[in-house]
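Colleague:
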Amino acid sequence: MWKRVKIRRDELGLLFRDDVFERILLPGKYWQRLFGSDSRIEVVSLRELELQHEQIDVLVRSGHFEAVAEVVEVDATSKGVLWIDGKPERVLTKGYYLFWNRFRNVYAEVLEERDVRLVHAQLDQLVKSGLLDDYIQVVDLQDRQRGLVWVDNRFYAVLGAGLHAFWTTLSDIRIEVIDADSLRFEHRDLERILQTKSAESELEVVEVVQGSQGVVYQNGKQTEILGSGRYVFWKRVDRYQVFQVDMRELSLDIIGQDIMTEDKVTLRLNAIVTYQVVDPVRFVSVSDNSVQSLYRAAQLVLRALVGKLSLDEFLNDKENLVVQLVDRLAGRATDWGLRIHSAGIRDVILPGEMKDLLNRVTEAKKAAEANLIARREETAAMRSQVNTAKLLENNATLMRLRELETLEAISRNTHMQVLLGEQGLADKVVKML
2 MWKRVKIRRD ELGLLFRDDV FERILLPGKY WQRLFGSDSR IEVVSLRELE LQHEQIDVLV
62 RSGHFEAVAE VVEVDATSKG VLWIDGKPER VLTKGYYLFW NRFRNVYAEV LEERDVRLVH
122 AQLDQLVKSG LLDDYIQVVD LQDRQRGLVW VDNRFYAVLG AGLHAFWTTL SDIRIEVIDA
182 DSLRFEHRDL ERILQTKSAE SELEVVEVVQ GSQGVVYQNG KQTEILGSGR YVFWKRVDRY
242 QVFQVDMREL SLDIIGQDIM TEDKVTLRLN AIVTYQVVDP VRFVSVSDNS VQSLYRAAQL
302 VLRALVGKLS LDEFLNDKEN LVVQLVDRLA GRATDWGLRI HSAGIRDVIL PGEMKDLLNR
362 VTEAKKAAEA NLIARREETA AMRSQVNTAK LLENNATLMR LRELETLEAI SRNTHMQVLL
422 GEQGLADKVV KML
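Counted from 1, the sequence shown has number 227 at position 226 by the numbering used here; the numbering is strictly sequential.
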């Protein structure tokens, strides 16, 4: 059996055989031979937006309609959005859809709810349309606001300024809006928040090391002083700087200073100054480099003090010079927020010829001192001998003991035998010698 079928320009034909879709018939005139009572042609209008059919799932999956229609399959964990002429018009829930796009610009997209966060190039239009109000939670953060997101009571992300949306169909969403006017961020869940990737783009961590203080400037104005520890600041809210200042006692080496004394001798000095920061705000604000300023001031004071002394005065009174150095630096150091604790001359390097000359002078002085000491010892020995002679002259017993000591000394070093009587011991000994 043959049947004439006419399909107009705004129509399409659907050919079914035994109730199974076979193919599309494009606009035109057809003589279609029908085999059996179960073969049929269905003519559908392209002016209708959506094709409603009991076998819509079969039609969508057949792959025959991609060129003439927008076909969409939405599963249980997704939502579809139908755009018509650039505007969102409808939400598509689970199912199969076929939309004709012959006479209008029709576009359908599938959004995955398991992604938790809804990211879309035209999110503002989706939100304004209200189509997804039953499925998403929206937060619109101003320039000085930030958001903290929890998903199923687990921290998820830090949000910057802007429009954000999250699916509520599969997860429990909680959003905490933070006022970022307070530059420093504090939160009881800070450790967990800092572990997320989103925290890197919105938060900056500053570590103030032990023994230091941090001076905070916000938009060029000093706002607070931080003790040692870890602090977190919002990015892209205000311009800020944190200057770390070491508050421990420190030493500054003043090395290689060539200075001429009053008697035109050039010395090379190495000195040391110990100091401590007592006012961190002045330390970072009065000078661009307060330590370098202290170094230069110490150079100038050393030159001024040494230049007024002769070489001998300098070498003999270095302690007084150090006291003057500390006194003069103390006033200037206060301007930079510093306190001078002490100073010292570490090394004094003389020119080669001057060193040899001083060595010879020192050698001569030491030789003279040694000669003087020898003469003093000789004089003391002679005085002792005179005193001994006077004692022996006036005491016969001491004289006899001295005679016996002399005899003992002689007999110790010789093999002679001495026979003495009772009297005239000393005379006989002298005669035998």
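Ideal Cβ placement from N, Cα and C applies to all residues, glycine included. Only a predicted model underlies this, so the values are computations on that prediction, with no experimental measurement involved.
Sorted by chain position, which residues of the same chain lie with C-beta nearer than 6 Å to glycine 81's C-beta, five sequence neighbours on each side aside?
Modeller: Val73, Val75, Leu93, Ala109, Val111
Colleague: Tell me whether glycine 257 sits in a helix, a strand or coil according to DSSP, three-state version.
Modeller: For glycine 257, the three-state secondary structure derived from DSSP is strand.
Colleague: Along the alpha helix (DSSP H) that carries phenylalanine 315, what are the first and last residues, could you check?
Modeller: Counted as a single uninterrupted DSSP element, the alpha helix (DSSP H) harbouring phenylalanine 315 occupies residues 312 to 317.
Colleague: For leucine 434, which of helix, strand or coil comes out of DSSP?
Modeller: Low confidence applies here, because leucine 434 scores a pLDDT of 48, under 50, leaving its location unreliable and the question unanswered by this model.
Colleague: Got a sec? Which residues, its chain only, sit under 7 Å from tyrosine 276 by beta carbon, not counting five neighbours each side?
Modeller: Contacts found: Leu251, Leu253, Leu295, Ala334, Leu339, Arg340, Ile341, His342.
Colleague: Below 6 Å CB to CB, which residues in the same chain sit around arginine 91 once its five sequence neighbours on both sides are set aside?
Modeller: Correct list, in chain order: Leu83.
Colleague: For phenylalanine 167, does the count of other Cβ atoms within 10 angstroms reach 16, so buried, or fall short, so exposed?
Modeller: buried
Colleague: DSSP state of proline 281, grouped into three classes?
Modeller: helix
Colleague: By Cβ distance, which residues of its chain are closer than 8 Å to alanine 181, with the 5 residues on each side in sequence left out?
Modeller: Arg145, Gln146, Arg147, Trp235, Val238
Colleague: Looking at leucine 402: is its Cβ nearer than 8 Å to the Cβ of valine 349?
Modeller: no
Colleague: Starting from the Cα of leucine 127, find the closest Cα among Thr398, Phe22, Val159, Leu164 and give me that residue.
Modeller: Per the Cα distances, Leu164.
Colleague: Flag leucine 251 as yes if its beta-carbon sits less than 8 Å from any beta-carbon of chain B, otherwise no.
Modeller: In summary, chain B is missing from the structure at hand, where a single protein chain is found.
Colleague: Just to confirm, are serine 199 and alanine 158 a CB contact at a threshold of 8 Å?
Modeller: yes
Colleague: Three or more beta-carbon pairs under 8 Å between the segment 312 to 329 and the segment 284 to 294, yes or no?
Modeller: Cβ pair count under 8 Å is below three, so no.
Colleague: Cutting at 7 Å between CB atoms, please list the residues of its own chain near phenylalanine 16, excluding the five before and the five after it.
Modeller: Here the sequence assigns leucine to residue 16, which means phenylalanine is not the residue at that position. Excluding positions up to five away in sequence, the list reads Glu23, Arg24, Leu26, Ile42.
Colleague: Between which two residues does the alpha helix (DSSP H) holding lysine 129 run?
Modeller: If you look at lysine 129, you'll find it in the alpha helix (DSSP H) that goes 124 to 130.
Colleague: For isoleucine 137, count neighbouring Cβ atoms within 10 angstroms of its own Cβ and tell me buried if that reaches 16, exposed if not.
Modeller: buried
Colleague: Is it the case that the Cβ atoms of isoleucine 241 and valine 209 are separated by a distance below 8 Å?
Modeller: Per the sequence shown, residue 241 should be read as tyrosine rather than isoleucine. Against a cut-off of 8 Å, the Cβ pair of valine 209 and tyrosine 241 comes out as no contact.
Colleague: Inspect the beta-carbon positions of valine 216 and phenylalanine 244 and report whether they are closer than 8 Å.
Modeller: yes
Colleague: Can you look up tyrosine 136 in the DSSP assignment and give me helix, strand or coil?
Modeller: coil
Colleague: If you follow the alpha helix (DSSP H) that serine 79 is part of, which residue opens it and which one closes it?
Modeller: That residue, serine 79, is in no alpha helix (DSSP H); its beta strand (DSSP E) goes 79 to 85.
Colleague: Determine the closest residue to lysine 319 out of Gln300, Gln53, Arg347, Arg18, with distance taken between C-alpha atoms.
Modeller: The residue with the shortest Cα to Cα distance from lysine 319 is Arg347.
Colleague: If we count the other Cβ atoms within 10 Å of its Cβ and call it buried at 16 or more, is glutamine 293 buried or exposed?
Modeller: exposed
Colleague: In terms of residues, what are the limits of the beta strand (DSSP E) holding alanine 70?
Modeller: 70 to 75
Colleague: Can you say whether proline 28 is buried or exposed, counting buried as having 16 or more other CB atoms within 10 angstroms of its CB?
Modeller: Exposed, by the Cβ-count rule.
Colleague: Taking Cβ positions, are glutamate 12 and valine 61 nearer each other than 8 Å?
Modeller: Taking 8 Å as the Cβ cut-off, glutamate 12 and valine 61 do not qualify as a contacting pair.
Colleague: Among Val21, Leu52, Tyr31, which one has its Cα closest to the Cα of serine 40?
Modeller: Val21
Colleague: What is the DSSP secondary structure of serine 202, reduced to helix, strand or coil?
Modeller: helix
Colleague: Got a sec? Which residues, its chain only, sit under 8 Å from serine 183 by beta carbon, not counting five neighbours each side?
Modeller: none
Colleague: To the nearest angstrom, how far is it from the Cα of valine 222 to the Cα of glutamine 143?
Modeller: It is lysine, not valine, that sits at residue 222 in the sequence shown. When rounded, the distance between both Cα atoms is 24 Å.
Colleague: Ignoring anything shorter than 3 residues, give me the beta strand (DSSP E) runs that lie fully in the segment 137 to 205, in order along the chain.
Modeller: 137 to 142, 146 to 152, 155 to 160, 163 to 168, 174 to 180
Colleague: For the beta strand (DSSP E) that contains valine 217, what are its first and last residues?
Modeller: 213 to 219
Colleague: Closer than 6 Å by C-beta to isoleucine 179: which residues in its own chain qualify, once you throw out the five before and the five after it? Chain order, please.
Modeller: Setting aside the 5 residues that flank it on each side, isoleucine 179 is surrounded in the same chain by Arg147, each with a C-beta closer than 6 Å to its C-beta; the list follows chain order.
Colleague: Starting from the C-beta of alanine 77, find all residues in its chain whose C-beta is less than 8 Å away, skip the five residues before and the five after it, and write them out in chain order.
Modeller: Contacts found: Lys95.
Colleague: Which residues share a DSSP beta bridge with proline 28?
Modeller: In the DSSP output, where bridge partners are listed per residue, proline 28 has none listed.
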